[in-house]
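Participant: In mature numbering (1 follows the signal peptide of the UniProt record, and there is no 0), the protein residues as written are -29 to -1, 1 to 340.
Yeah, the Cβ is synthetic: ideal placement off N, Cα and C, and Gly gets one too.
Encoded as structure tokens, here's the structure I'll be asking about.
In structure tokens form, the structure reads like this:
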């Protein structure tokens, strides 16, 4: 019986090999044309030009949104900011203001300018002792009103929770650690009303970076860690040409219709960022790149990371999640197929609604009551 089983397995294996092998065997191998992909001895891959359609796995709305975004990114006039709102974001902002009823107070907390949001009808009873701090995107170069509002309105309205959007200092007028200092000032003031375990901090892009930087800064200042954080559209790493990793080279064209980082680099390898806000700061400083220190990263609170497969932060987000898990930090990673950096600003796309739901459930699970 054992012999027959062994013989059967051998026949099955042979059949699989025959089915998988190309017709013609050795003749096929001789006639095969050289691959257009060239691989250097160091592993650098030179790929030919190729056409990449929008992902077949996106919703119909997501496909249209992706195509629209790529076209918009090729129109420089739409990238200009007017009163802190990039022009291409204006329709998204107008739509969110209709979809997400809210009240906004223009005020200061801890001496720092903020927008203080609450939902129409008031904060839910279960959230009365909770608050979220939003750190807006914009490359540390603006976008407070636009990005801050787009990141705050869905959560305050859908989650029925207070959200404080911080107008932190940015470049080129200000330099690191000005933004971290501003976040700490707001956080320190809110600690007078809320326990640290009831405070969540989150942001997208530069705001996602600043979320990680702020947690590291809190540690350095002896402040208690918040209950949970959200690093969205970002990671806790940086490179001289982006966030670092593979995504520096392949997601720029696919997600934002812009050229990838050049290779070989046009300038010598450096531990400096090209962002004006970080001029003079070292990317090896854990107060800038928290993944540079296991001791710092190990003390992070529960962390939610969100990105898209076409986001230029993709590699950094995945790497940051890996390091947090390695160090025993509770961390959730959610990657949306076929979408780009900061995709959830458009509230009419199903994938954006999914992201809001993930954010709110994460904070509800991990913040104290």
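For a test of the three-state rule: what should DSSP assign to residue 208, helix, strand or coil?
Facilitator: Correct three-state label for residue 208: coil.
Participant: Run through the region 83 to 109 for me and flag every whole alpha helix (DSSP H) of 4 or more residues, listed as ranges in chain order.
Facilitator: Here no run is fully enclosed.
Participant: Only counting runs of 4 or more residues, tell me where the alpha helix (DSSP H) segments fall wholly within the region 12 to 64, in order along the chain.
Facilitator: As far as the region 12 to 64 is concerned, its whole alpha helix (DSSP H) runs of at least 4 residues are 31 to 44, 47 to 50.
Participant: Please tell me whether residue 228 and residue 44 are closer than 8 Å, where the distance is taken between their beta carbons.
Facilitator: Cβ atoms of residue 228 and residue 44: closer than 8 Å.
Participant: Would you call the CB atoms of residue 80 and residue 157 closer than 8 Å?
Facilitator: Going by C-beta atoms, residue 80 is nearer than 8 Å to residue 157.
Participant: Within its chain, find whatever has a CB closer than 7 Å to the CB of residue 64; leave out the 5 residues flanking it on each side and keep chain order.
Facilitator: Excluding residues within five positions, the ones whose Cβ falls inside 7 Å are 56, 117, 120, 121.
Participant: Who are the Cβ neighbours of residue 107 in its own chain at under 7 Å, not counting the five residues just before and after it?
Facilitator: So the list reads 114, 115, 118, 119, 122, 136, 174, 178, once near-sequence residues are dropped.
Participant: Work out the CA separation of residue 99 and residue 279 for me, nearest whole Å.
Facilitator: Whole-angstrom Cα-Cα distance: 32 Å.
Participant: Express the C-alpha separation of residue 41 and residue 197 in angstroms, rounding to a whole number.
Facilitator: So the alpha carbons of these two residues sit roughly 37 Å apart.
Participant: State the DSSP-derived secondary structure class of residue 78, mapped to helix, strand or coil.
Facilitator: Looking at residue 78 - three-state DSSP - the assignment turns out to be strand.
Participant: Considering residue 271, what are the terminal residues of the beta strand (DSSP E) in which it resides?
Facilitator: Residue 271 -> no beta strand (DSSP E), and no H or E assigned at all.
Participant: Residue 124 and residue 327 - do their beta-carbons sit closer together than 8 Å?
Facilitator: No, the Cβ-Cβ distance between residue 327 and residue 124 is not below 8 Å.
Participant: Is the distance from the Cβ of residue 258 to the Cβ of residue 242 below 8 Å?
Facilitator: No, they are not a contact pair.
Participant: Closest to residue 269 by C-alpha separation, out of 302, 325, 69, would be which residue?
Facilitator: The candidate whose alpha carbon is nearest that of residue 269 is 302.
Participant: If residue 94 sits next to residue 154, beta carbons under 8 Å apart, how far is it from one beta carbon to the other, in whole angstroms?
Facilitator: No, residue 94 and residue 154 are not in contact; Cβ-Cβ is about 22 Å, not under 8 Å.
Participant: Can you name the residues that DSSP bridges to residue 303?
Facilitator: According to DSSP, residue 303 bridges with 275.
Participant: Using 10 angstroms around the beta-carbon of residue 307, count the other beta-carbons present and answer buried if the total reaches 16, otherwise exposed.
Facilitator: Result: buried.
Participant: From residue 391 to residue 338, what distance separates their C-alpha atoms?
Facilitator: Only positions -29 to 340 of the chain appear in this structure, which leaves residue 391 out of reach.
Participant: Return the CA-CA distance between residue 139 and residue 84, expressed in angstroms with no decimal places.
Facilitator: Taking the straight line joining both Cα atoms gives about 8 Å.
Participant: Quick one: Cα of residue 207 to Cα of residue 184, how far?
Facilitator: Rounded to the nearest angstrom, the two C-alpha atoms are 8 Å apart.
Participant: What does the alpha-carbon distance come out to for the pair residue 311 and residue 333?
Facilitator: Looking at the two C-alpha atoms, the distance is approximately 22 Å.
Participant: So which of 9, 169, 150, 3 has the shortest CA-CA distance to residue 336?
Facilitator: Measuring from the Cα of residue 336, the nearest candidate turns out to be 169.
Participant: If you count every other CB in all the chains shown that lies within 10 Å of the CB of residue 261, and 16 or more means buried, which is it?
Facilitator: Residue 261 should be labelled buried.
Participant: In chain order, what residues of the same chain have a beta carbon less than 8 Å from the beta carbon of residue 38, not counting five sequence neighbours either side?
Facilitator: So the qualifying residues of the chain are 25.
Participant: From residue 215 to residue 209, what does the alpha carbon distance come to, in whole angstroms?
Facilitator: Straight-line Cα distance between these residues: approximately 6 Å.
Participant: What three-state label does DSSP hand residue 313 in the structure shown?
Facilitator: Residue state, collapsed to three classes: coil.
Participant: Is residue 174 helix, strand or coil when you go by DSSP?
Facilitator: If DSSP states are grouped into helix, strand and coil, residue 174 belongs with the strands.
Participant: Give me the Cα-Cα distance between residue 151 and residue 182, rounded to the nearest whole angstrom.
Facilitator: Taking the straight line joining both Cα atoms gives about 9 Å.
Participant: Tell me residue 134's beta-bridge partners as DSSP assigns them.
Facilitator: In DSSP, residue 134 forms a bridge with 88, 103.
Participant: My assumption, with CB atoms under 8 Å, is that residue 322 sits in contact with residue 33. Please give the rounded CB distance.
Facilitator: Confirmed, Cβ separation roughly 5 Å.
Participant: Consult DSSP for residue 232 and reduce its assignment to one of helix, strand or coil.
Facilitator: Residue 232: coil per DSSP, three-state reduction.
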